[in-house]
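Chains A and B are the protein sequences, given in the same order.
If you count by the numbering used here, then the first sequence holds residues 297 to 595, one letter each, in order.
If you count by the numbering used here, then the second sequence holds residues 5 to 526, one letter each, in order.
Worksheet: one structure, shown below.
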Amino acid sequence: MNYAFHLLIYVSVYIVLALSLDLVVGYLGRLSLAHAGFVAIGAYVYALATLTLQWTFVPALLLAVAVAIVCSLALSLPSWRFRGDFFIFITLAVGALIHGIVQNWSAPGYEVGSLANLTNGPFGIAGIPQTDIFGIKLDTIESKCALSLVLAGVCASIMYRLTHSPWGRLLKCLRDDELVLRGIGKNVRLIKLQAFSFSCGLAAVGGVIYASYVSYIDPSAASLDESILLLCMICVGGSGNFRGPMVGAIVLVLLPEVLRFTPIPQSVAANVRLLVYGLLLLVVVHFRPQGIAGEYRIE
Amino acid sequence: MPIIETMEKQPLHTDVRPECRLLMRATGIAKAFGGQPVLTGVDLELHEGQVVLLQGPNGSGKTTLLNILTGHLVPDAGRIDLFTNGCREVFHFPRHWWQDLNPLDRFLPERLASKGVGRSWQDTRLFNSLKLLDNIAVAKQQHPGEKPFNLFFHPGRVLAMERQLQAVCGERLVQLGLGGRDSSSGDKVSLGQAKRVAIARAVEAGARILFLDEPLAGLDAPGIADVVALLRDLVDQHRVTLVIIEHVGSIVHVQQLADTVWDLDGGKLTTRPNHCIETMTKHSLASQWRIDRLFHEFKLVRSEVLPRGARLDVYRKNGAANSELILEVENLVIRRNRRPVIGWGRTGDGAMLGLNLTLRSGDLAVLQAPNGWGKTTLMDCLAGLLPANTGKIKMRGQAVTSLLPWERSLIGLYYLRSDTRGFPSLSVRNARRVNGRRESIRMRCSEDRHKYGELSGGQKRSFQINCLGNSRAALYILDEPFVGLDGMEMSSALNKIVKLTEFNGQCLLVAIPHISIEHEPC
């Protein structure tokens with residue numbers, strides 16, 4: 297039963313991440329390879345705030361979101377000027393930068409969370425305290441699962457409100473034809489700024505749920521592989537609408553778990569998983585370029 | 005009938021004659037591309053309610069001027085004064101670098117648009133993933149729902165505004181003759197409808213001056229009538245100032261509206277009032293007459309009426325002998341997303357009736373069809389860019405249905421698409437060599453070393469027409485070859501096409517919108 301709760305938490309985390317990435321990829325039409333970096337920013341800020349500052353869950357969550365929103369300027373400012381392949385390169389650089397920082401901001405002999413050893417380098421931060429919401433300790437997996445479902449629900453409804461609104465309509469227009477949107481007097485720079493803020497802020501929420509559940513975070517959370525996995529979810533599930541990223545997140549989280557029950561030896565299983573990811577992506581992109589449940593075709 | 009009714013109350017100028025109100029003044033506008041001057045000191049004034057026809061030969065800088073006046077391009081020198089919202093706003097050029105540091109004082113299209121300077125594009129550029137209704141609604145200025153804060157903390161205000169906007173835009177679509185189509189997306193309506201929606205969008209954005217880049221290009225007769233009616237209504241009811249770029253083909257229709265003509269030539273602009281316009285009409289009628297004369301040199305062999313208002317006229321040069329079959333199309337059905345584009349009705353056994361077409365060498369076939377009929381789809385399919393669902397295509401007796409585009413071109417097909425796409429980074433010299441032409445092409449304001457991508461729309465078109473006939477093709481398919489050509493280029497293009505048919509063993513299929521030129525069969 298615990299296994300089911302565990303999966304449920306993972307699915308809800310990835311639903312938040314895929315939905316938030318879809319705001320940029322599917323609605324704004326800009327491909328980002330730095331999304332895992334913002335997940336890691338959220339997770340690390342949460343970990344440090346609870347560990348070293350002894351903050352409780354809610355203020356730590358808010359701090360994580362705020363830091364991620366400030367860092368999202370690293371993507372939104374270049375997006376004013378760049379699009380297409382160049383923008384992807386920039387997101388790649390930003391992702392590598394974040395990964396490099398969390399991987400290397402360490403010094404042996406210093407306490408974790410001190411200025412010299414902020415992220416503890418490749419060893420990551422372990423022992424993140426139990427989730428504590430206004431004095432209520434969540435120590436069972438059921439309660440943690442409930443928290444992550446509630447948070448995922450809140451994030452999803454924020455996303456729904458944003459995308460099904462005049463503001464979301466502007467995003468789609470920006471994706472279709474930026475010049476025309478400027479020609480009818482819309483401030484596209486502000487729209488991009490807002491879209492990246494929301495996307496990265498929500499990604500940080502996903503990171504916080506993850507860190508508070510696993511109570512351990514290491515630099516691999518910010519790696520390029522993780523970003524590509526998130527992008528895969530959107531490609532497979534579909535982008536530009538609400539259900540596509542959800543489908544993608546569910547499929548890509550549950551598929552490896554299905555493989556677990558097949559009689560494949562553990563040593564091979566990891567490779568088979570990658571093979572299945574690749575195959576799934578190829579099949580979907582070839583036969584349904586807009587994804588299983590998507591509207592917009594990523595170009 | 006009020007077609008456009010802006011939601012804000014327009015200020016009334018009861019004491020001042022509206023014609024007198026100056027909206028925009030530009031002085032000494034200059035612009036050069038790569039060292040070659042396009043505009044050298046253009047001065048102009050725009051008053052409220054004025055309708056201006058901007059004309060000039062291909063490559064004279066009409067689109068450049070329009071881009072500058074709407075903020076899409078920064079001029080090298082000059083000054084623009086805007087009076088659209090009551091107070092005066094001045095832009096001096098060249099701008100100093102520190103002026104661009106101030107985010108509130110930049111010369112950008114969104115800034116000019118919010119001051120009431122709107123434009124429409126030559127290709128309509130609707131937002132394709134949006135419904136038609138939303139295409140107009142999105143242009144609403146100061147919508148509270150465009151601020152994420154309001155979405156979460158003032159949902160009532162957003163909802164109220166959105167409801168009101170949907171109602172107004174729905175009504176507007178009905179007035180545009182698009183009632184019931186409000187949930188179609190931008191790419192599912194015909195060109196004429198799309199152009200009307202694009203104009204309505206610019207007006208909804210609060211445009212007091214509207215720059216229209218070839219609003220009638222590529223339209224069929226009903227489409228032209230609809231757009232002209234909309235423009236007339238904008239001028240009469242709402243005193244929107246219009247600046248219209250239009251080419252010879254449709255200038256007659258704009259001439260009924262215009263009260264001023266701007267002639268752009270040699271980088272200078274001369275303004276003259278409406279009554280001088282007759283000479284132009286004559287000119288335009290002359291080119292019309294030339295089309296007819298061209299067709300009178302030929303004999304109308306047969307005229308087929310195709311379903312959904314299209315017709316195919318096949319001409320042959322007088323005295324041409326019986327000749328070999330070049331193109332045979334049998335029962336061709338093309339679908340896009342299950343919707344049949346080419347293919348009509350059903351026979352008894354439920355199969356669709358497709359298109360049948362035969363062309364022999366020496367034939368000049370003119371396909372006239374209304375916008376949205378599927379001309380381009382048909383041409384793309386003949387060229388192999390789109391698959392045919394059922395039916396056979398044969399060229400010179402060889403079945404080509406399963407051949408790729410380049411294989412068809414080896415058999416002898418030459419396809420000129422309606423867009424002016426080419427190889428933008430090639431120089432004109434290399435571009436014409438790619439097209440198999442050795443001698444240089446004489447074009448106004450352009451040399452061999454310029455890049456193809458730097459040519460203006462009309463220059464690209466005339467370049468493409470000039471490159472025809474250098475390859476040994478047997479079948480030329482030309483999709484709307486005359487769009488964007490001025491009078492001189494038009495007649496040389498027609499001569500070119502006449503010459504093409506004179507070669508032995510060649511035939512042409514030309515698609516043009518339904519412009520209801522009645523040819524007497526002779």
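Where a beta carbon is used, it is the ideal one built from N, C-alpha and C, also for glycine.
Tell me the DSSP bridge mates of residue i?
i	result
V56(B)	V247(B) and T264(B)
Y480(B)	Y418(B) and L512(B)
Q40(B)	F37(B)
S431(B)	K455(B)
P344(B)	R339(B)
E308(B)	L316(B)
I429(A)	I432(A)
E334(B)	K396(B)
A369(B)	V318(B) and L513(B)
M356(B)	R350(B)
E93(B)	L86(B)
Name, please, each residue of chain D whose Cβ falls closer than 7 Å to the Cβ of residue i.
i	result
V142(B)	This model lacks chain D altogether; the protein chains it does include are A and B.
Nearest to residue i by CA position, among the options, is which residue?
i	options	result
N139(B)	A515(B), A198(B), G401(B) and V333(B)	A198(B)
D4(B)	N434(B), G461(B), V438(B) and S466(B)	Because chain B spans 5 through 526 in this model, residue 4(B) falls outside it and cannot be assessed.
L434(A)	T352(A), N537(A), I530(A) and F334(A)	T352(A)
A369(B)	I330(B), G401(B) and L235(B)	I330(B)
R539(A)	N567(A), A364(A), D318(A) and W463(A)	D318(A)
M542(A)	L475(A), P374(A) and L313(A)	L313(A)
Y456(A)	V568(A), L498(A) and R379(A)	L498(A)
W401(A)	I394(A), L414(A), A389(A) and V390(A)	L414(A)
T505(B)	V404(B), K303(B) and L310(B)	K303(B)
L310(B)	A141(B), W266(B), E250(B) and G378(B)	G378(B)
N622(A)	V361(A), I487(A), C441(A) and M529(A)	Any question about residue 622(A) goes unanswered here, given that chain A covers just 297 to 595.
Quick one: which chain A residues come within Cβ less than 9 Å of residue i?
i	result
A392(B)	None at all; the shortest Cβ gap to chain A is about 21 Å.
R134(B)	First, the residue type needs correcting, since residue 134(B) is Leu and not Arg in the sequence shown. The contacting residues are R465, K468, C469 and D472.
Using a C-beta to C-beta distance shorter than 7 Å, which residues of chain B count as neighbours of residue i?
i	result
D473(A)	R129 and F131
L527(A)	Result: empty, since nearest Cβ-Cβ is about 20 Å, beyond 7 Å.
Y512(A)	The premise fails here: Y512(A) is roughly 34 Å from chain B at the closest Cβ pair, so nothing lies under 7 Å.
Just the chain B side, please: which residues come within less than 8 Å of residue i by C-beta, in chain order?
i	result
K488(A)	The contacting residues do not exist; K488(A) stays about 13 Å from chain B at best.
R478(A)	L112, P113, E114 and A117
L371(A)	Here the premise fails: no neighbours, minimum Cβ distance about 17 Å.
R377(A)	Chain B residues near R377(A): none, gap ~13 Å exceeds 8 Å.
V484(A)	E114
Just to make sure I have the definition right: I need the residues of chain A whose C-beta is within less than 8 Å of the C-beta of residue i. Which are they?
i	result
R412(B)	Neighbours of R412(B) on chain A: none; closest Cβ ~25 Å, over 8 Å.
G149(B)	S461, P462 and W463
L155(B)	R457, L458, S461 and W463
D104(B)	Those do not exist, as D104(B) stays about 13 Å from chain A at its closest Cβ, beyond 8 Å.
D138(B)	R465
R4(B)	As shown, chain B starts at 5 and ends at 526. That puts residue 4(B) outside it, with no answer to give.
P311(B)	Within 8 Å Cβ-Cβ: nothing; P311(B) doesn't reach chain A, min ~32 Å.
Please list, in chain order, the chain A residues whose beta carbon lies closer than 7 Å to that of residue i.
i	result
D186(B)	Residues of chain A passing the Cβ test: none, with the nearest at roughly 14 Å.
S118(B)	G481
E145(B)	In the sequence on display, residue 145(B) carries Gln and not Glu. Within chain A, the residues near Q145(B) are G481.
P428(B)	Simply none; closest approach about 16 Å.
P517(B)	Under the 7 Å cutoff, chain A gives no residues; its nearest Cβ is about 24 Å from P517(B).
CB of residue i to nearest heavy atom of the ligand MG: below 8 Å?
i	result
R593(A)	This structure lacks the ligand MG; in fact it carries no ligand of any kind.
Inspect the CB distances between the region 506-515 of chain A and the region 420-438 of chain A and report whether three or more fall short of 8 Å. yes
With three or more C-beta pairs closer than 8 Å as the rule, is the region 557-573 of chain A touching the region 334-353 of chain A? no
Are at least three pairs of beta-carbons, each pair with one atom in the region 305-321 of chain A and one in the region 489-508 of chain A, less than 8 Å apart? yes
Determine contact between the region 483-494 of chain A and the region 359-376 of chain A, defined as no fewer than three beta-carbon pairs at a distance below 8 Å. yes
What are the residues in the region 447-466 of chain A lying within 7 Å of chain B by C-beta distance? R457, L458, S461, P462, W463, R465 and L466
Any residues in the region 300-312 of chain A with a beta carbon nearer than 8 Å to a beta carbon of chain B? Which ones, in chain order? none
Contact between the region 201-218 of chain B and the region 394-403 of chain B (3+ Cβ pairs under 8 Å): no
Selection of the region 161-192 of chain B by Cβ proximity to chain A, strictly under 9 Å: V162, M165, E166, L169 and G190
Meets three-Cβ-pair contact criterion under 8 Å: the region 203-214 of chain B and the region 112-127 of chain B: yes
Three CB pairs or more closer than 8 Å across the region 466-478 of chain A and the region 317-330 of chain A: yes
Residues from the region 205-223 of chain B in contact with chain A, defined by Cβ distance under 9 Å: R205, A206, E208, A209, G210 and A211
I want to know whether the region 353-364 of chain B touches the region 411-421 of chain B - three or more CB-CB distances under 8 Å. no
Flag this pair as touching only if the region 527-539 of chain A and the region 584-591 of chain A have three or more C-beta atom pairs under 8 Å; answer yes or no. yes
Using 8 Å as the Cβ pair cut-off and three pairs as the minimum, do the region 233-252 of chain B and the region 148-159 of chain B touch? no
Are the region 485-503 of chain B and the region 188-206 of chain B touching by the rule of at least three beta carbon pairs closer than 8 Å? no
Meets three-Cβ-pair contact criterion under 8 Å: the region 462-481 of chain B and the region 25-37 of chain B: no
For the region 567-595 of chain A, which residues have a CB atom closer than 8 Å to at least one CB atom of chain B, in sequence order? E591 and Y592
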